[in-house]
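In the numbering used here, each residue carries its 1-based index in the sequence shown increased by 14. Everything below concerns the one structure shown next.
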Amino acid sequence: MHPQELTPLGPFTCLREHVDQTIHCYLRLIESSQWGVDDPASSCLIYRSLLDVYPCIVGVDATDSDIFCLRHQNDKGDHILVNEELDIMSIIDWNGQKLFRNHSHLPFLLCYCHSHLTKAITS
C-alpha cells in the first residue's frame with residue numbers, strides 16, 4: 015500500500031473543525047497502515063466512536079470563549095519554553111503547533127486516546 019497523502023491540519027475556525035480533521039487524520043493513518051498499531055480494526059472503532067461522541071461532550075457553545083491554549087501533537091512539555099509568568103518565550107518544532115479554544119477536557123481526551131491507544135490494544 016502506498017503512503018497516504020495527508021493534507022496539513024489547520025488553520026481552523028472552530029474547535030469542532032479541528033477535532034473532526036484531527037480524528038479523520040488518525041483514521042487515514044490507521045487505514046493506510048502508516049500508524050504502528052497491532053489491531054487496526056479496534057483502533058478505527060475507537061476513533062470512529064470518539065468522532066460520534068465528542069460533539070455531545072463539547073456542546074454547541076464550546077467555541078465562544080476567547081481563551082485558548084497552545085498544543086503540539088507530541089506534547090510532552092519540552093518544546094514550549096516559558097518564563098516565570100508563563101509567557102511563551104520560544105517554541106521548538108513550530109510545525110506541529112495548534113491553537114485550541116479553552117475547552118480543557120477535549121484536548122486531553124484526544125491526547126489520551128492518541129497516546130494510549132497502542133498500549134491498550136497490545137495489553
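Just so it is clear, CB atoms sit at the ideal spot from N, CA and C, and this is done for glycine as well. All values reported here derive from a predicted model rather than from experimental measurement.
Would you identify the three-state DSSP class for valine 67, choosing helix, strand or coil?
helix
When you compare the CB positions of serine 4 and isoleucine 44, do they come within less than 8 Å of one another, or not?
No information on residue 4 is available, as it lies outside the stretch 15 to 137 that the chain covers here.
Contact check, arginine 30 vs proline 69, beta carbons under 8 Å
Taking 8 Å as the Cβ cut-off, arginine 30 and proline 69 qualify as a contacting pair.
Own chain partners of tyrosine 61 with C-beta closer than 6 Å, once the 5 adjacent residues on each side are dropped
Ile37, Tyr40 and Leu41
Residues in the same chain with beta-carbon distance under 7 Å from leucine 95, minus the five sequence neighbours each way, listed in chain order, please.
Met103 and Ser104
Closest to aspartate 34 by CA distance: which of Ser46, Leu59 and Leu65 is it?
Leu65
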